[in-house]
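Numbering (this note's numbering), first residue to last: 53 to 324.
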């Protein structure tokens, strides 16, 4: 709503028209915001707030009621995951970085498929042993999560162990694992982290428009999971995706079972 107010140069809900919202949508598209982001993160919450005002007799009508956006994309615009060569460029570069979020967030992305915001808000205490297996716990206590399936535990892949991630986590003070990452104005480390890492990845020459600099790690882990025969329900559990069937909601996903599947994803060989 603050973003809409800045665009309109006023904050009077009674003055907002459907034409205003169409113009706002067009500006967001001109800034190359993803259509899904505009629909779900911009228009939908604005529509909901205006509808509350209508339901509570504060407005006569909802100007956002019929403002929507076409999510159809051309094949050339479809998001894809990083190739091995692209992943190597990023992970090699990360090895040379001094800032902890640039050094480690891409590596954790590469071997968990977790969302960038989830990783950026990790605390040192979220790296822990469960049933004698080192795991990364994505917990609501560390910060907001996308949905109920996002609260989960993912074992630490051997590639991360070999790279020294556990030593790094053990050396960190209690609290934010990446203290050099300044939270955004909403208090979320992932907000600034996403922008910083996106710019950094593009500076390495990885600039294909079909890539989402951070989200393409999630596409990659799904591809690798299919290629290497990971159990589909466990792959979904690791990435925090929703259960596909009622049967998938039964039982637990113990760390040893998840580690068994995760280690099917081979370590990417980097040449120094």
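We put the beta carbon where it would ideally sit given N, CA and C, even for glycine.
Best match in the options for proximity to residue i [C-alpha to C-alpha]
i, options, result
"residue 322", "153, 258 and 139", "139"
"residue 175", "136, 230, 165 and 217", "230"
"residue 168", "153, 181, 179 and 180", "153"
"residue 235", "206, 173 and 222", "173"
"residue 70", "310, 170 and 102", "102"
"residue 281", "289, 313 and 110", "313"
"residue 223", "62, 303 and 177", "177"
"residue 392", "317, 55, 182 and 310", "Look at the range of the chain in this structure, 53 to 324, and you will see that residue 392 is not part of it."
"residue 87", "135, 106, 131 and 170", "131"
"residue 308", "301, 316 and 302", "316"
"residue 122", "74, 291, 220 and 61", "74"
Bridge partners - residue i, DSSP secondary structure assignment
i, result
"residue 217", "Answer is none; residue 217 lacks a bridge partner."
"residue 207", "187"
"residue 182", "185"
"residue 228", "175"
Proximity below 8 Å, CB of residue i to CB of residue j
i, j, result
"residue 77", "residue 119", "yes"
"residue 258", "residue 90", "no"
"residue 271", "residue 133", "yes"
"residue 115", "residue 68", "yes"
"residue 248", "residue 265", "no"
"residue 164", "residue 206", "yes"
"residue 99", "residue 117", "yes"
Cβ-Cβ separation, residue j to residue i (assumed contact under 8 Å), whole Å
i, j, result
"residue 157", "residue 186", "Not a contact, Cβ separation roughly 18 Å."
"residue 319", "residue 250", "That belief does not hold up - the Cβ atoms of residue 319 and residue 250 are roughly 25 Å apart, past 8 Å."
"residue 277", "residue 287", "4 Å"
"residue 180", "residue 189", "6 Å"
"residue 65", "residue 95", "About 15 Å separates the two Cβ atoms, so there is no contact after all."
Endpoints, alpha helix (DSSP H) assigned at residue i
i, result
"residue 75", "70-82"
"residue 287", "284-291"
"residue 275", "268-279"
"residue 57", "54-60"
"residue 148", "Where residue 148 is concerned, there is no enclosing alpha helix (DSSP H), given that its DSSP letter is neither H nor E."
"residue 248", "241-255"
"residue 312", "307-314"
"residue 98", "96-107"
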